[in-house]
Amino acid sequence: MRPRQSPVAQSLEPRRYYINVGVFADASNAQKAQQQLQRAGLPLVVQTVGTNKGDRIRVRAGPFHQAEDADAAAQRVRAQGLEAVVFQHR
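Be aware that the sequence shown starts at 6, since it is given in our numbering, and climbs by one per residue.
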């Protein structure tokens, strides 16, 4: 069994589009989502987020330069059975 790796904080690029896929308390669920996005050929952004209930792992796809590209990728994410909410980072 491979040791679990902690997500590395990644910053978002301004004026780029991203897809929120999920925020996970369980690292194995976050890893499953990451693997599904990788199989779909999508770029990933993984961040650890502190909450009042402890650390969570946020999984996003992106960045995308055009809203249309993010929307098309969101359809691919949904086809994997995952949530997909497109947003533009300011």
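Don't be surprised by glycine CBs; every beta carbon is placed ideally from N, CA and C.
Could you please give me the residues that DSSP links to residue i through a beta bridge?
i	result
residue 66	24, 49
residue 60	55
residue 39	Per DSSP, none; premise fails for residue 39.
Work out the CA separation of residue j and residue i for me, nearest whole Å.
i	j	result
residue 65	residue 23	7 Å
residue 87	residue 78	12 Å
residue 40	residue 70	23 Å
residue 95	residue 48	19 Å
residue 80	residue 35	19 Å
residue 63	residue 56	11 Å
residue 33	residue 74	28 Å
residue 19	residue 42	22 Å
Excluding the five sequence neighbours on either side, which residues of its own chain have a C-beta within less than 6 Å of the C-beta of residue i, listed in chain order?
i	result
residue 72	22
Apart from the five residues just before and just after residue i, which ones in its own chain have a Cβ nearer than 7 Å to its Cβ?
i	result
residue 76	91
residue 50	15, 17, 23, 65, 67
residue 61	28, 29, 30, 54
So residue i packs on residue j, CB below 8 Å; how close in whole Å?
i	j	result
residue 26	residue 89	6 Å
residue 45	residue 85	6 Å
With distances taken Cα to Cα, identify the nearest neighbour of residue i among the options.
i	options	result
residue 83	32, 33, 38, 20	38
Say the cut is 7 Å; is the CB of residue i nearer than that to a heavy atom of the ligand NAP?
i	result
residue 40	Of ligands this structure carries none, so the ligand NAP is not represented either.
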